[in-house]
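Structure, as structure tokens:
2 protein chains.
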Amino acid sequence: MRINDVLRDKGGSVVTVAPDTDVTALLALLAEHRIGAAVVSADGNRVDGIVSERDVVRALAERGPAVLQESVQRICTVEVHTCGADVRLDDLMRVMTEQRIRHVPVVDGGVLRGIVSIGDVVKRRIDELETERAALSNYITTGG
Amino acid sequence: MRINDVLRDKGGSVVTVAPDTDVTALLALLAEHRIGAAVVSADGNRVDGIVSERDVVRALAERGPAVLQESVQRICTVEVHTCGADVRLDDLMRVMTEQRIRHVPVVDGGVLRGIVSIGDVVKRRIDELETERAALSNYITTGG
Chain A
110 MRINDVLRDK GGSVVTVAPD TDVTALLALL AEHRIGAAVV SADGNRVDGI VSERDVVRAL
170 AERGPAVLQE SVQRICTVEV HTCGADVRLD DLMRVMTEQR IRHVPVVDGG VLRGIVSIGD
230 VVKRRIDELE TERAALSNYI TTGG
Chain B
110 MRINDVLRDK GGSVVTVAPD TDVTALLALL AEHRIGAAVV SADGNRVDGI VSERDVVRAL
170 AERGPAVLQE SVQRICTVEV HTCGADVRLD DLMRVMTEQR IRHVPVVDGG VLRGIVSIGD
230 VVKRRIDELE TERAALSNYI TTGG
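Protein chains in written order, with our numbering: chain A, 110 to 253; chain B, 110 to 253.
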């Protein structure tokens, strides 16, 4: 399975915020869409950063409530791990679990195509492994 | 594999907070321990609730910066999904992924023994499935 199949399955919509959006508006947006992170993008296509609920709580722990009036570009991660739509599910999952990355924007030709979360990836990888194991067990039981 | 094996592997320490801890102190604690949730417990043994970084950001989105001075008991989840140490890894993982639960305190005889995160569970379940698949493949290739 490739990331393209994941996007087809879950849909390719991504919530983006402009870099000068303030953190209060970001929190409202995350709650409204029931998500944990948004892509920071000035033009809605290029990935300029990613900002998560974790970035918000860590910044609050460091600098206090003033963070709520800051712009998201102050707290976001700008070195974003992105991937192409043709990447294999198991390869991406390995990178995400090893590097503890929760969200990966999917980019094709410089244009944002979607976003996959660790939950999206893990759910499908486990389905894939369970299917493979069942097929192998069946092969052994029935003799192929 | 059972949850007991996971705890033996990762260690059984759990960060707890008293119910009257304020949210600002909670955020400092989560940052210090690099974790996403803490167990709320008046006596350090009984699970009175669980409070996560998500609870904080959702409360901030609803009620604004005053939340930072509120006590964690105001924002925590009190109906906590806990499990025993003898629960099977695959059973717990199914519940966590289906119900989108990120953290499950492990309780034995009413006493808090540890906490497992979705990351802990998934990593080991995938290792388990990959090992099983390799054993089955090997059985087929070598004839057992």
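Just so it is clear, CB atoms sit at the ideal spot from N, CA and C, and this is done for glycine as well.
All of these numbers come straight from a predicted model, not from anything done at the bench.
Stretch pair the stretch 155 to 169 of chain B + the stretch 187 to 203 of chain B: three plus CB contacts closer than 8 Å:
yes
From Q182(A) to V215(A), what does the alpha carbon distance come to, in whole angstroms?
20 Å
What in chain A is Cβ-close to L238(B), meaning under 8 Å?
I235, L238, E239 and R242
Listed by chain order, chain A residues near S246(B) by CB distance under 8 Å:
L245
Going by the CB atoms, is the gap between S180(A) and D118(A) shorter than 7 Å?
no
Name the two residues that bound the continuous beta strand (DSSP E) containing V160(A).
G158 to S161
Cβ pair C192(A), L201(A) closer than 7 Å:
yes
For G153(A) and A127(A), the rounded distance between their alpha carbons:
8 Å
Expressed to the nearest angstrom, what Euclidean distance is found between the alpha-carbon atoms of T206(A) and G228(B)?
8 Å
Assuming L139(B) contacts A147(B) under a Cβ cut-off of 8 Å, what Cβ separation, rounded to an integer in Å, is found between them?
7 Å
Report yes if the C-beta distance between T133(A) and L169(A) is below 7 Å; otherwise report no.
no
Could you list the residues in the stretch 147 to 158 of chain B with a C-beta less than 9 Å from some C-beta on chain A, going in chain order?
none
Counting only Cβ pairs nearer than 7 Å, list the residues of chain B close to E162(A).
E162, R163 and V166
Cut-off 6 Å between Cβ atoms - residues of its own chain near I210(B), not counting five sequence neighbours on either side
H190
Every unbroken alpha helix (DSSP H) within the stretch 184 to 243 of chain A, with a cutoff of 4 residues, ordered by chain:
198 to 208
Alpha carbon to alpha carbon, how far is D129(A) from R155(A)? Give it in angstroms, no decimals.
15 Å
Using a Cβ cut-off of 8 Å, which residues of the stretch 172 to 185 of chain A contact any Cβ in chain B, in chain order?
G173, P174 and L177
Just tell me which of D195(A), R233(A), H142(A) and V165(A) has its CA closest to the CA of A137(B).
V165(A)
With a threshold of 7 Å between beta carbons, is V231(B) in contact with chain A?
yes
When burial is assigned at 16 or more other CB atoms within 10 Å of the CB, is G291(A) buried or exposed?
In the structure as shown, chain A starts at 110 and stops at 253, and residue 291(A) therefore has no counterpart that could be examined.
Rounded to whole angstroms, what is the Cα-Cα separation between R222(B) and M110(B)?
17 Å
Using a Cβ cut-off of 7 Å (strictly closer), state whether L201(B) contacts chain A.
no
Let me know the secondary structure DSSP gives V123(A) once reduced to three states.
coil
Please report the distance separating the alpha-carbon of G252(A) from that of A244(B).
16 Å
Local conformation of S180(B) per DSSP, three classes:
strand
Would you report the Cα separation of D171(B) and L135(A), rounded to the nearest angstrom?
As written in the sequence, residue 171(B) is Glu, which differs from the Asp given in the question. Spanning the two alpha carbons is a distance of roughly 12 Å.
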